[in-house]
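For the sequence shown, position 124 (counting from the first letter as 1) is numbered 291 according to the working numbering, and the numbering increases by one without interruption. Glycine included, every Cβ here is placed at the ideal spot set by N, Cα and C.
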Amino acid sequence: MKPFGQVVVVGGSKGLGKVISERFIARGYTVTVISRNRPSDELRANHVVSDLETMISSDSVVNEAVRFGGKVRYLIFCQRYRGSGDPWQGEIQVTLMATRLMVNGFSDHFCEEGDRAICAVSSVYAEFVGGSQPDSYHVAKAGLNQLVKFNACILGRKGIRVNAIMPLTYLKAESKDFHLANSALMRLYQDFVPMRAIGSVDDSANLIEFLCSEKASFINGQAIFVDGGVSAIWPEELARSMAGI
């Protein structure tokens, strides 16, 4: 029997968003992807075109998604800013403003019964600082985590759970060739990760799929690391390990 209620994936045309869209389609769900670019034809999903960088209202996007797929079971945010303008304004707009608008817009269109959840893809940089991303990315992801907590308290009263995942760098189709071509970087990653491995897109997809399921029915307001244990290491130990001491 086809599951009741659709899955809406924001930023589901590629990367982790595409992987999670494919998984829910395989489980029989109707999936609606909201993105600027159209997903590949092989992804059997509805598509709502939206440039989140210029979104000032979610009304038309929400109405079109509901018209396509009906009531929402799960709402998943995988988008990130990839524009060429001011990254501060862009990150805040795409990561925070667009998410806030769509959470508020979809909140009255969830299924009345059964498991319901929202999951956002945040980053380890919500809590730690990394030179590979600008200040705007760090601030936006930290704000996203707080937005998750706020809505977990508000929407939890309606039975809608809200959580986030915080992945470390992981292998995905779009970046796999780069990482595999840089074996020294791969070895360094593997040396400081307690699991002695670099994660894959499937590790993050697995957690999203779990959080958007009845198995996570009492998990709400959490931002969970997907980092192989890196966040548990004291910096001194990491330095000693890298120095071979």
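According to the DSSP secondary-structure assignment, Val368 is paired through a beta bridge with no residue. Membership of Thr199 in any alpha helix (DSSP H) is not indicated; the residue belongs instead to the beta strand (DSSP E) covering 198-202. Around the beta carbon of Leu355, a 10 Å sphere encloses fewer than 16 other beta carbons of the protein chains shown; the residue is thus reported as exposed. The stretch 364-381 makes no contact with the stretch 305-315; the number of CB pairs closer than 8 Å stays below 3. In the DSSP assignment, His305 falls within the alpha helix (DSSP H) that extends over 302-322. The Cβ atoms of Met353 and Ser290 lie no closer than 9 Å to each other.
With the rule of 3 Cβ pairs closer than 8 Å, the stretch 273-284 does not count as touching the stretch 247-255.
Less than 9 Å separates the beta-carbon of Lys185 from that of Ser207. For Tyr292, there is no enclosing alpha helix (DSSP H), as DSSP marks it with neither H nor E. Judged by DSSP secondary structure, Tyr241 falls within the beta strand (DSSP E) whose first and last residues are 239-244. CA-to-CA, the gap between Ser398 and Asn213 works out to about 37 Å. Secondary structure at Ala212: coil, using DSSP grouped into helix, strand and coil. The beta carbon of Ile375 is closer than 7 Å to those of Ile187, Ile243, Cys286, Ile332 in its chain, skipping five residues each way along the sequence.
In the structure shown, Phe392 falls within a strand segment according to DSSP collapsed to helix, strand and coil.
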